[in-house]
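Heads up, the thing below is written out as structure tokens.
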Amino acid sequence: MHAMSAPVPTPQPTSSATSADVADLYKEIFTGQQKALEVVSTDRLTQVGARPPISTYLSQLWGRRHFLWAEARAKVTSGTRQTLLGQAWLVINPVLNGLAYYLIFGLILNTSRGIENFLGYLVIGVFLFQFTTQCVTNGAKSIQSGRNLIRAFTFPRASLPISVVLRSILNLIPTLAAMLLIIGLLPEDEDWTAAALLFPVVLTLQVMLATGLALLFARMTTVIPDIAQLLGVGMRIWLYASAVFFSIDRFEEYPWIVGIMEANPMYMVLDAARDCLLYATVPDAGTWIGLGAWAVGSLAIGFLFFWQGEESYGQA
Amino acid sequence: MARPEIDPFAHATVAVQDVHVRYRVPSTDAAERRRGANFVKRVGRTVFGNDPKVLVRALSGISFVAKSGEQIGLVGQNGSGKSTLLRIIAGLENPAKGRVLAESTPVLIGVNAALVPELSGEQNIRLGCLAMGLTPEQAEEAVPDVTQLAGLGKSIYLPMKTYSSGMGARLRFAIATAANPHILLIDEALATGDAAFRERSEARMQRLRQGAGTVFLVSHAAQTIEETCTRAIWLNHGRLVLDGPAQDVALRYRKWAWAVAKEKPEEAKQIIETAFSEREQTYVQVEESVQPRLYTPRHVRSSKTAPPRAQGK
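If you read the sequences in order, they're chains A and B. So for the first sequence, my numbering puts the first residue at 1; every next one is plus one. So for the second sequence, my numbering puts the first residue at 1001; every next one is plus one.
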């Protein structure tokens, strides 16, 4: 960090001593010094940079809501600003993604067997899963990439991963519009029933889940930076394990695989969303309870874990 | 909380108590590579391509108390820990040992603070103001003022990554002055920009200093410290060499720096050792404010429930 290469006004004892050792040679001189005592009281002064209690932290975070919003909104377009099509990429990208999966899994590998309205099934899976991937991978990098802001301003550091989630939500809006349009235009006839009104609830639970994970991995990568490298692989495995482009029914013979997959929160999100939008059914109580527990649990644990490390992000 | 007598320390605004900062950083020093490494470690380093880590003591045992109305200059050569100390006081980094107490949140004005490079200067002004905790209305009000101080003309609408380093520094400085902090930390801010900008920024600094309770100023130019500060602190290799009136400290630092520059190590050593021996070691004691106990825990025996006294009266 600080290269101490400038001349040191003391004889260097051995060539291998570091400059920090040399500075310590002054220690002897210190012992014979005059001493003064200053007493300060915590009545008026408070510790700088200390982690506030969680209630104060939450209210500080609320106080910075304008900053969060402004940062998310400013950055949402910055990724595509230099392209010719600009913001249109927010829609084109997931559509192309869905098309690629359709080509490989629907037409070549033919995993669509037994799935009613496969294109709709696939589009919901791909689009919604992409949101979680964005939140988690960018959230994990948020402390590293927000380092300039951290070194310049004092603000609750949870703002950074939360701002990433906000940005992903803003990204999701055009994607969702495209998704609903595709589903509506598809030749398969689906009934738009009151069940579709439950879709925002599913989405809210997904956002809570993603926020918790973003906070969790944001701190974990500051402790072990290598996690960011592993995260890409982890997210891909999760994608394959969430029945994005095949039906869970093909594992009927192995009940333990079905059991594991059904406990997977992203499978629950996709399953519930498909029930609401494609199959005009209200998701069963088990899905709601499971998903609700995952969402609240991950948000609470992620937030507490991130808050505990609040004092450590300056060094990141 | 009954305190009939006037608190004699009412004016303390910043208290730095025995602060130590250490970094573990990779070093390419060949001597470091050979030292104390067994075969396994060396193979490991070669395989993973890691350099051996060395401990750098950026600050060791810094203690002082700043009072309101003081303007404190920090002097010292490059890498002596001045900027680290400012970041610690601002709470942007936490010390390995010791702590810093302050009356209100100190605001650091530094030229190192980069913003979002993809955004335009104008957007960065709003974002920076909001990051400092201003409301959207206050931020909106501050925009013309900041734009005028930065003086970048139409470039303010261009992405910040297209700016030259001087332009970027001017904008960052202008943004940081938008807040009106009570405790102000300035890191080399006055040295940026061309002559016209320097004049404008100096006028702005003057105004800020008048409003602020306590000002810390880092500068390589001992003359700036002598002219604008009331007190100066000289740091050398993370240690506090001298803490006293700005005139005296800055003069000694200049003499020392001159001796180093002229390659007279004996003379430099003499100056620094005299300073060290004349220094008055400050010990900062923090009195915890005692919260009135409203209940007595049942599991504690009554003989042990004497109210916790403030440590060391």
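Beta carbons are placed, not taken as given, at the ideal position from N, Cα and C, and that holds for glycine. The structure presented is a predicted model; accordingly, all values stated were derived computationally and were not measured.
Pairing Val202(A) with Leu61(A) gives a Cβ-Cβ distance that is not under 9 Å. Setting aside the 5 residues that flank it on each side, Arg51(A) is surrounded in the same chain by Glu310, Glu311, each with a C-beta closer than 6 Å to its C-beta; the list follows chain order. In the structure shown, Leu1119(B) adopts coil according to DSSP, grouped into three states.
Each of Glu1287(B), Ala1195(B), Gln1247(B), Ala1169(B) was checked against the Cα of Leu1115(B), and the nearest Cα belongs to Ala1169(B). A distance below 9 Å separates the beta carbons of Ile1072(B) and Thr1230(B).
For the stretch 1130 to 1156 of chain B, the set of positions with a beta-carbon nearer than 9 Å to some beta-carbon of chain A reads Leu1130, Ala1131, Met1132, Gly1133, Leu1134, Thr1135, Pro1136, Ala1139 in chain order.
Using a Cβ-Cβ distance cut-off of 8 Å, the stretch 168 to 177 of chain A and the stretch 147 to 157 of chain A are not in contact, since fewer than three pairs of beta carbons, one from each stretch, lie closer than that value. Here Ile124(A) is not near Thr222(A), since their CB atoms are 9 Å or more apart. DSSP lists Val1014(B) as the beta-bridge partner residues of Ala1066(B). With a cutoff of 9 Å on beta-carbon distance, Met208(A) and Ala295(A) are scored as near each other. Chain-ordered listing is empty here: chain B has no CB closer than 9 Å to the CB of Thr137(A), the nearest sitting near 19 Å. Excluding its 5 nearest sequence neighbours in each direction, Thr133(A) has C-beta neighbours in its own chain below 7 Å: Met235, listed in chain order.
Contact of Leu166(A) with chain B is not assigned, every C-beta pair being separated by 9 Å or more. Straight-line measurement puts the Cα of Glu71(A) at about 41 Å from the Cα of Ile115(A).
Within the stretch 43 to 60 of chain A, the residues whose Cβ lies closer than 7 Å to some Cβ of chain B are Asp43, Arg44, Leu45, Thr46, Gln47, Val48, Gly49, listed in chain order. A Cβ-Cβ distance of about 4 Å is found for the pair His1011(B) and Lys1067(B), placing them in contact under the 8 Å criterion. Residues of chain B with a Cβ closer than 9 Å to the Cβ of Gly184(A) do not exist, since the nearest Cβ in that chain sits about 35 Å away. Each of Trp1258(B), Glu1280(B), Gln1281(B) was checked against the Cα of Gln1270(B), and the nearest Cα belongs to Trp1258(B).
The C-beta of Glu1118(B) comes closer than 9 Å to at least one C-beta of chain A.
In the three-state reduction of the DSSP assignment, Glu1199(B) falls in the helix class, which pools H, G and I.
By the criterion of a C-beta distance shorter than 6 Å, Arg1057(B) is surrounded in its chain by Arg1022, Gly1238, once the five residues flanking it on both sides are discounted.
A direct Cα-to-Cα measurement between Gly232(A) and Val258(A) gives close to 24 Å.
From the beta-carbon of Lys141(A), no residue of chain B is found nearer than 7 Å; the closest lies around 15 Å away. Shown here, Phe1048(B) sits in a helix according to DSSP, grouped into three states.
For Lys1097(B), the three-state secondary structure derived from DSSP is strand. Proximity to Leu1185(B) across Val1143(B), Ala1196(B), Arg1209(B) peaks at Arg1209(B), based on C-alpha coordinates.
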